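Peer 1: Structure provided below as structure tokens; questions to follow.
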Amino acid sequence: MKHLLLSLLLLWPLSVTAAIDAYEFSDPVTEARFQELTAELRCPKCQNNNIADSNSPIASDLRREVYLMLEAGATDQEVVNFMVDRYGEFVLYRPRVNEMTWLLWYGPFGLLAVGLVVVLLVSRNRRRRQSAGPQRELDARERERLNKLLQQDKDT
Amino acid sequence: MRRVLLFLPLAIFLGLGFFLWRGLSIDPTELPSARLNQPFPAFELASLTEPDRILTEQDLKGAPALVNVWATWCPTCKEEHAYLNQLAREGVTIYGINYKDEPVKARAWLDRYLDPYVASVVDEEGRLGLDLGVYGAPETYVIDADGVIRYRHVGAVDARVWQDLKAVMDAIATGDRS
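Residue numbers (our numbering), protein chains in the order written: chain A, 1 to 156; chain B, 1001 to 1178.
This is the structure we're talking about:
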């Protein structure tokens, strides 16, 4: 067991960084903002990659742009606006909340609400059916059959 | 009521099926252009063929034209080059943006495969490309006489694509006259 754990630990990747360019940041806060921004901006060419992970030339251009803007004192919002102006809302991995994306943002909650209503209706229906009227008593023939069936179970 | 509810799964299935079927014919690599109907971004770049001459976005104005983003490292650009030459012979105004390329190589390419461009600018850093929202060469834009971007095509220009571009240019021409 100990050996297994040890070998599993050895297999654990120690670092998972993908970006290759080395930027000198003026302070750690800017660096953290850079990491966050590049992880949230989508690469226009290599789709389903963010620009932090992609090695394509366009992603490295965009990283450089983000770096230069941050070092020049731009806010996160300014960087995001810069990208959206050029590449459209597509580059945002976290879409903005507007009329176009309401369904995307609030749809899941709507579905959840629908689900809750359905569950409530079903359970209320069932409860009503259970409490509705006393159950019919078994007549003699049915009782005899039931006993027989129960007897059968006991035999086996 | 109960009977109607029975058809709910079918309705959901049909709805899902419709959207998935629609999804088959949508090309995810085709991005809507954020620059549509906006003025061509400002630039100040050297001409490829006359390195001493500086061109700006003002030089693109005057008549509806095509702006083609190209590079020697881009195989699809080579593919469309002959067609661009043909369009140029037919009298279409085409400007070139030599995108993230080496000017020496680019000039050699134009010598070898002919030059369809009225003028090409050298965008070695890709700054103009970035301002345009270029994400892969070749890209071709239609601009009107005021230098406003009216259409964008990503990928090679061929006879079929030209029909679309021509339609936009014709619409601009009739719009200008009225």
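Idealized CB from N, CA, C, for every residue including glycine.
What you are looking at is a predicted structure, and each value in this text was computed from that prediction instead of being measured.
Just the chain A side, please: which residues come within less than 9 Å of K1100(B) by C-beta, in chain order?
Peer 2: One-based indexing of the second sequence puts residue 1100(B) at position 100. Here the neighbours are P57, D61.
Peer 1: For the region 1018-1033 of chain B against the region 1083-1102 of chain B, do three or more pairs of beta-carbon atoms, one drawn from each stretch, fall closer than 8 Å, so that the two count as touching?
Peer 2: no
Peer 1: Using a Cβ-Cβ cutoff of 8 Å, what residues of the region 1024-1039 of chain B are near chain A? List them in chain order.
Peer 2: P1028, T1029, L1031, P1032, S1033, A1034, R1035
Peer 1: Consider the Cβ of P95(A): report whether some Cβ of chain B lies at a distance smaller than 8 Å.
Peer 2: Here residue 95(A) is taken as the residue at index 95 of the first sequence, counted from 1. No - not a single Cβ of chain B is within 8 Å of the one on P95(A).
Peer 1: According to DSSP, what are the bridge partners of A72(A)?
Peer 2: By 1-based counting over the first sequence, the position of residue 72(A) is 72. Beta-bridge pairing links A72(A) to no other residue.
Peer 1: What is the rounded straight-line gap between the Cα of E947(B) and the Cα of I58(A)?
Peer 2: It is not possible to answer for residue 947(B), since the shown part of chain B is limited to 1001 through 1178.
Peer 1: Would G1133(B) and A1065(B) be called neighbours here (beta carbons separated by less than 8 Å)?
Peer 2: For the purposes of this step, residue 1133(B) is taken as residue 133 along the second sequence, with counting starting at 1. For the purposes of this step, residue 1065(B) is taken as residue 65 along the second sequence, with counting starting at 1. In this structure, A1065(B) does not lie closer than 8 Å to G1133(B) by Cβ.
Peer 1: Can you tell me where the beta strand (DSSP E) holding S1120(B) begins and where it ends?
Peer 2: In the second sequence, the residue the question calls residue 1120(B) occupies position 120. Where S1120(B) is concerned, the enclosing beta strand (DSSP E) stretches over 1119-1123.
Peer 1: Check each candidate in G1147(B), V1004(B), G1096(B), R1112(B) and name the one with the smallest Cα separation from P1138(B).
Peer 2: Counting from one through the second sequence, the residue named residue 1138(B) turns up at place 138. For the residues G1147(B), V1004(B), G1096(B), R1112(B), the minimum Cα distance to P1138(B) belongs to G1096(B).
Peer 1: Just reading off the alpha helix (DSSP H) that N50(A) is part of, what are its end residues?
Peer 2: Position 50 of the first sequence, counted from the first residue, corresponds to residue 50(A). For N50(A), there is no enclosing alpha helix (DSSP H), since its DSSP letter is neither H nor E.
Peer 1: Can you pull out the residues from the region 1124-1148 of chain B whose beta carbon lies closer than 7 Å to at least one beta carbon of chain A?
Peer 2: Those residues of the region 1124-1148 of chain B that come within reach of chain A (Cβ to Cβ, closer than 7 Å) are G1126, L1130, D1131, G1133, Y1135, G1136.
Peer 1: Under 8 Å, with one C-beta from each stretch per pair, do the region 1041-1054 of chain B and the region 1117-1130 of chain B reach the 3-pair mark?
Peer 2: Taking a cut-off of 8 Å for Cβ pairs, the region 1041-1054 of chain B and the region 1117-1130 of chain B touch, as three or more such pairs fall below it.
Peer 1: With 16 as the cutoff for other CB atoms within 10 Å, does H1153(B) come out buried or exposed?
Peer 2: Translated into positions along the second sequence, residue 1153(B) becomes position 153. Buried is the call here.
Peer 1: As an exercise, report each continuous beta strand (DSSP E) stretch of at least 3 residues that is fully enclosed by the region 1016-1051 of chain B, in chain order.
Peer 2: 1044-1046, all fully within the region 1016-1051 of chain B.
Peer 1: Quick one: is H1081(B) buried, meaning 16 or more other Cβ sit within 10 Å of its Cβ, or exposed?
Peer 2: Walking along the second sequence from the start, residue 1081(B) turns up at place 81. Under this definition H1081(B) is a buried residue.
Peer 1: Compute the Euclidean distance between the alpha carbons of G1062(B) and A1171(B), then round it to the nearest angstrom.
Peer 2: Residue numbering aside, residue 1062(B) sits at position 62 when the second sequence is read from its first letter. Residue numbering aside, residue 1171(B) sits at position 171 when the second sequence is read from its first letter. G1062(B) and A1171(B): Cα-Cα distance of roughly 16 Å.
Peer 1: How is R64(A) classed by DSSP in three states: helix, strand or coil?
Peer 2: Here residue 64(A) refers to the residue found at position 64 of the first sequence. R64(A): helix per DSSP, three-state reduction.
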